[in-house]
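These notes concern the structure reproduced below.
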Amino acid sequence: MSDSQYAPDSRVDEEALLSVDNLQTAFFTDKETIRAVDGVSFEISRGESVGIVGESGSGKSVTARSIMGLVDSPGRIVGGSIQYKGRELVDNTEKDWQQIRGGEIAMVFQDPLSSLNPVYTVGNQIKESLRLHQGMRGREATQKAIELLEDVGIPDAPRRIDEYPHQFSGGMRQRAVIAVALACDPDLLICDEPTTALDVTIQAQILDLLHELKEEKNIGIMFITHDMGVIAEVADRVNVMYAGELVEKAPVDELFSNPKHPYTQGLLESIPSRNERGSELTTIEGEVPTPKEPATYCRFAPRCPKAFDDCEQVHPVPVAVDESADEHEAACLLYPEDVNQSEAVELHRSREDATEQEVPE
Amino acid sequence: MSVNETKNDSIVTRVKENPGPAARWGAVMAFLLLLEFGAVWSAIMSLPWGVPVNGIADVLPAAIGGVITGIAGVFADVGNALASVPTLLEREWIPNQGYHVPGEGWQGTFLGLEPAYAWLIRLTVVYVYAAVTLYWAWRGYMTFRRHYRYADWTPGDDMVDRFRGHNWGRFGLVIVAAFLVMALFAPVVSPTTQSQNMTSPYAHQIEYFNDDAGEVQTITVGTANVGSASKGDRQNFGVWSYDEVDRFHPFGTLTTGKDLFTFMAFGSRISLFIGLFASALAGGIALSLALLTSYYKGLVDLATVLTSDAFSAMPRLLVLIMLVVVLQDHWISDIYSGAFLLAFLFGIWGWMGLWRAIRGPSFQIVENEWVTAAKGFGDRPWSIVKKHVAPYVIGYLLIYLSMSLGGYIIGSAGLAYLGLGVTAPTPELGRAIAAGQSFIITDSWHISVFPGVMITLIVLGFNALGDGIRDAIDPQSSSGDSAGEAAAAGGGA
Numbered sequence: 109m110s111d112s113q114y115a116p117d118s119r120v121d122e123e124a125l126l127s128v129d130n131l132q133t134a135f136f137t138d139k140e141t142i143r144a145v146d147g148v149s150f151e152i153s154r155g156e157s158v159g160i161v162g163e164s165g166s167g168k169s170v171t172a173r174s175i176m177g178l179v180d181s182p183g184r185i186v187g188g189s190i191q192y193k194g195r196e197l198v199d200n201t202e203k204d205w206q207q208i209r210g211g212e213i214a215m216v217f218q219d220p221l222s223s224l225n226p227v228y229t230v231g232n233q234i235k236e237s238l239r240l241h242q243g244m245r246g247r248e249a250t251q252k253a254i255e256l257l258e259d260v261g262i263p264d265a266p267r268r269i270d271e272y273p274h275q276f277s278g279g280m281r282q283r284a285v286i287a288v289a290l291a292c293d294p295d296l297l298i299c300d301e302p303t304t305a306l307d308v309t310i311q312a313q314i315l316d317l318l319h320e321l322k323e324e325k326n327i328g329i330m331f332i333t334h335d336m337g338v339i340a341e342v343a344d345r346v347n348v349m350y351a352g353e354l355v356e357k358a359p360v361d362e363l364f365s366n367p368k369h370p371y372t373q374g375l376l377e378s379i380p381s382r383n384e385r386g387s388e389l390t391t392i393e394g395e396v397p398t399p400k401e402p403a404t405y406c407r408f409a410p411r412c413p414k415a416f417d418d419c420e421q422v423h424p425v426p427v428a429v430d431e432s433a434d435e436h437e438a439a440c441l442l443y444p445e446d447v448n449q450s451e452a453v454e455l456h457r458s459r460e461d462a463t464e465q466e467v468p469e
Numbered sequence: 025m026s027v028n029e030t031k032n033d034s035i036v037t038r039v040k041e042n043p044g045p046a047a048r049w050g051a052v053m054a055f056l057l058l059l060e061f062g063a064v065w066s067a068i069m070s071l072p073w074g075v076p077v078n079g080i081a082d083v084l085p086a087a088i089g090g091v092i093t094g095i096a097g098v099f100a101d102v103g104n105a106l107a108s109v110p111t112l113l114e115r116e117w118i119p120n121q122g123y124h125v126p127g128e129g130w131q132g133t134f135l136g137l138e139p140a141y142a143w144l145i146r147l148t149v150v151y152v153y154a155a156v157t158l159y160w161a162w163r164g165y166m167t168f169r170r171h172y173r174y175a176d177w178t179p180g181d182d183m184v185d186r187f188r189g190h191n192w193g194r195f196g197l198v199i200v201a202a203f204l205v206m207a208l209f210a211p212v213v214s215p216t217t218q219s220q221n222m223t224s225p226y227a228h229q230i231e232y233f234n235d236d237a238g239e240v241q242t243i244t245v246g247t248a249n250v251g252s253a254s255k256g257d258r259q260n261f262g263v264w265s266y267d268e269v270d271r272f273h274p275f276g277t278l279t280t281g282k283d284l285f286t287f288m289a290f291g292s293r294i295s296l297f298i299g300l301f302a303s304a305l306a307g308g309i310a311l312s313l314a315l316l317t318s319y320y321k322g323l324v325d326l327a328t329v330l331t332s333d334a335f336s337a338m339p340r341l342l343v344l345i346m347l348v349v350v351l352q353d354h355w356i357s358d359i360y361s362g363a364f365l366l367a368f369l370f371g372i373w374g375w376m377g378l379w380r381a382i383r384g385p386s387f388q389i390v391e392n393e394w395v396t397a398a399k400g401f402g403d404r405p406w407s408i409v410k411k412h413v414a415p416y417v418i419g420y421l422l423i424y425l426s427m428s429l430g431g432y433i434i435g436s437a438g439l440a441y442l443g444l445g446v447t448a449p450t451p452e453l454g455r456a457i458a459a460g461q462s463f464i465i466t467d468s469w470h471i472s473v474f475p476g477v478m479i480t481l482i483v484l485g486f487n488a489l490g491d492g493i494r495d496a497i498d499p500q501s502s503s504g505d506s507a508g509e510a511a512a513a514g515g516g517a
C-alpha cells in the first residue's frame, strides 16, 4: 500500500533502514522536565537485529515510542532526528505517522495479555491489520491470516484463528501479537520487551521465531529488553542505555567478551549464571537516576566503582574504545584506552562543547 | 463429535447439520410475521416521507426535483399496495362500530356483539398475537442457545438469568412491551380510526338508529362529536360508555367529543417517536464525544467539558420553549406536527449527562494496551475507538438512555400541556391533560387522569427496565446505586 512511497531502491541496502541521531525526548510536567531520552544515536539496517538494553527507567521504551510517534502528552520529541529510509520522521504530522505505523514500522508490546483486545477473535485482529495494510478482505484475508499464524508457529492454525485471546496461552498470545505485526508487512519490527512476561522455554521459542523472521523477510529488528541473556540470543549489535543516554555500543560478541563501560561490566556481572557457584552475586548499588537537567557530568558516576573526580565535571561522549575497534564505542572518560587519562578527559570535554544543546522548553 | 468439526463451522453450517429445530422455529415465526406483513408496510408508509422528499425537490431545480418526486411517487405506490395486503389484525375482521336497533340488537358489529365486547375481543387478539410473537422470538433465542450456539455458556446467559430473576425489571419490561404494542397497533386497538377521530371528522359519515324518527340515519362524525363531548357535570361520556350515536368509548371522550382511547393510542406513537429519536440523537452525540475526548484528551476534552457546561447552563425548558416558538413557521415544525422538532431539540439538549456518564469509562478503556497496539499498527483514530473502545461503553450508554427516555416523554408532554410543541391534530398526551384540567373535580375527571396515569406508567416502566438491565449487566451494582439515576434525572420539563 504505502510501499510505493518508500520504494526500495538500491540505496536502501547500503544506507541504514533507520538511523536515529541525537534523539531527545522530554516529558514536561508542572514541576520539572524529565529528559527520558537524551541524545541517543544508533542505526538499524535490513536483516539486522539491534538490541537496546538497560535497567527499568533508562528510557528504552520511550526511545521505541519516539520512533513510532507514540509518545503521549506531556512528552514530546524535542531534538535530534529519526531518519527512516532516508526520510525524516521527527516533524511528521499525525497523518504521516499513520503511514509509517504498521506498514513500515510495527511494534510488539511487552504484555501479550493486554495487547490483544479480548472481545475480538485472534483471526479478526490479524485480518484487521491485513485489511489496513495489504488491502485484503474476506476469504483471501482469512487464508493469509492462517498462513501468518502458521508462520509464527501456532499449531492447528485454521482452528485457532476463530478463538479468542483468552483461549491462547501466554506464549501463543505473544506469537499472535507478532502475527498481527507481521500482517502489516513492516520493514522494521520494534519489540518492546516481548519476552518479559513469558517463561524461559517460551522465551527461547519466541527468540528463535524472531531470528527466523529476520532471516526470511529481511526485516530490521529493534529489540528492547533488560535481560542480558535475551540480548545475547537475539541481537547482532547491542546498545546499552543508561538514564536516557547510550553508554556503550558494540557487536554482541564483542560486548559480552570485552565490555568496556563500567555499567556494562556491572550488568554482565550481575547475571547469575555467569558467576561462580557459591560466590556472592555482584550487583550495581543504587538505581537509575531520573534525568532532569542537561548532563554536565557522567550520570553513572554516583554508582560507578571506577569513578574519579573529573566524572563529576565532564560529560562523557561516545568515543571508540581504542583505535582498532571502530564498531565499539563507549561514553566513559576512561576511553579511548590508547591515550592517557587526562588526554581522554580533554577529548570528551572538547567534543561535548561542540555538541552541547539545550532542550527548548 | 470432535472439537475440530464444530469450531470452524459458521452458524449456517451448524443449522444445515441439524435443521430440525431451526426449521420448526422459522416456520412458525414466518407464519406469525406473514399475518402482519401488510401492517409492517403501512407502518413504514405512515412515516412522513413527503417532508424530506419535497424538501429536496423544492431546493433543487424544477426538472430534477420533479424526477425525484416522481421516483418517490412510484415508491409510495408500491408501498401503499403492500400496505393494503390484508392482515390478521385488521379492524375490519372484528368491527366494533355499529348501531343498536331496539328489538333487533346490534347492527354492523362483530357477530352482532355489543361494541364494547367486539372492541375487547380485538384488543385481546392484538395483545395475544404480540405476546405469542414475543414469546416465539424468545424461543428462537433459546433454540439458538440450545442447538446452534458453539459455546455452552456465555456471560450473556448470566445476564439474561439475572434479568429473569429481577422482578422490578420484569415489571418494567411488561409495561414497556404493553406500551410498545399499543403504539405499534394503534390503528387496530383504537375503537375508531385516526381519520375519523382526529384528522377529518367531517369527511366521514356514520349510521345510527334515530329513536325519534324510528329509522337508521346518517350523520357526519364531526356533528356526532358535538353531541358526545365530555363537559363536566352537565354532559359527560365517561369510562366504558356509549354516546348518543352508539359509539363506544372505553376511556370516555375528550372535551371535543373525540374518543380518548384513540387519542391516547396514537399519542403513544408520538411519545415513543419523540423518546426514541431524542435518545438516539443524544446517545449518538454523547457516544461520539466520549470516544473523541477519551482518544484525544487534553484540549479536546476541555473544550467538550466547557461546551457541555454551556449547554447545561442554559435552562433547557426555557430554551426549548423559545426555539419552539421561534421556529413555529419554519418547515421543520411541520414534520409530525412539531414532534420532530421537539425530539430534535431534546436530543440536542440531552447529551451532556449521558456524555459525562460514559466519559469516565471511555477514559479507562482507552488506556488499555490494545489501544496503543492498534495505534502502533497504524489504525485510524476513528476505527480504533469504534472497534476497541465503543463496545465497552455502549452497555453503560444503553442503561442511561433507557432511563432518560422517560424524561423526554415527560418533557414533550409537559410542553404540550403548556400548549407548545406537538400541535393538533397530532395527538399528544400532555394536551389531553391540559384540556381536562378544569374538569378534574367533575364527572369528566377521566380526560386528565387516564393520560396522566399512562405517562406515569410509561416513564416508570422505562426506568424499571433500565434498572433491571443495569443490574443484569453489572452483578456488582445494587438497586440502591444512585450514580445512574443522577445521570438520568435530566428529563423533567
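Residue numbers (our numbering), protein chains in the order written: chain A, 109 to 469; chain B, 25 to 517. Even for Gly, the Cβ is constructed at its ideal location relative to N, Cα and C.
Return no unless some Cβ of chain B is closer than 9 Å to the Cβ of residue i.
i	result
D461/A	no
A350/A	The amino acid occupying residue 350/A in the given sequence is Tyr; Ala does not appear at that position. Judged by the 9 Å Cβ criterion, Y350/A is not in contact with chain B.
E255/A	no
I142/A	no
M330/A	no
L97/A	In the structure as shown, chain A begins at 109 and stops at 469. Residue 97/A is therefore absent and cannot be evaluated.
Note down, in chain order, each residue of its chain lying with its Cβ closer than 8 Å to the Cβ of residue i, except the 5 sequence neighbours on either side.
i	result
S381/A	G337
L204/B	L296
A305/A	Q218, D219, P220, L221, G278, Q282
Looking only at its own chain, which residues have a Cβ that is under 7 Å from the Cβ of residue i, when we skip the five neighbours before and after it?
i	result
T404/A	H423
N249/B	P225, T280, G281, K282
A249/A	K235, L238, R239
Look at the alpha carbon of residue i and the alpha carbon of residue j, and state the distance between them as a whole number of angstroms.
i	j	result
S66/B	N225/A	44 Å
G89/B	G189/B	56 Å
F285/B	P274/B	7 Å
I408/B	E258/A	27 Å
P266/A	I314/A	21 Å
M215/A	G322/B	25 Å
I434/B	I482/B	9 Å
P263/A	T137/A	48 Å
V429/A	A409/A	18 Å
F473/A	G187/A	With chain A covering 109 to 469 only, the question about residue 473/A has no answer from this structure.
G377/B	T216/B	41 Å
V128/A	V145/A	12 Å
G231/A	K322/A	23 Å
R411/A	H319/A	35 Å
Less than 8 Å between the CB atoms is what I'm expecting for residue i and residue j, so what's the real figure, rounded?
i	j	result
G155/A	N326/A	5 Å
A304/B	W375/B	The Cβ separation is near 11 Å, so there is no contact.
F217/A	V285/A	7 Å
C419/A	L441/A	6 Å
T333/A	V348/A	Not quite, the Cβ-Cβ distance comes to about 11 Å (not below 8 Å), so this is no contact.
G485/B	G196/B	5 Å
V161/A	V346/A	6 Å
Does any residue of chain A bring its CB to less than 9 Å from the CB of residue i?
i	result
M25/B	In this prediction, M25/B has a pLDDT of 37, which is less than 50 and means its spatial position is unreliable; what the coordinates show is noted afterwards. It does not; no Cβ of chain A falls within 9 Å.
F387/B	no
T223/B	no
D101/B	no
Between residue i and the rest of its own chain, which residues show a CB-CB distance below 6 Å, the 5 nearest in sequence each way excluded?
i	result
W373/B	R340
A437/B	L453, G454, I479
S223/A	F217, V285
A291/B	A small correction: the amino acid at residue 291/B is Gly; Ala does not occupy that position in the sequence shown. Counting only Cβ-Cβ distances below 6 Å, and skipping sequence neighbours, we find P451, E452, L453.
Would you mind listing the alpha helix (DSSP H) stretches within the region 222-289 of chain A that are 4+ residues and don't spill past its ends, in chain order?
230-242, 246-259, 265-268
Which complete alpha helix (DSSP H) runs does the region 179-221 of chain A hold, if anything under 4 residues is left out?
202-208
Going along the chain, which unbroken runs of the alpha helix (DSSP H) with 4 or more residues stay wholly within the region 311-385 of chain B?
The region 311-385 of chain B contains these whole alpha helix (DSSP H) runs: 322-337, 340-350, 363-372.
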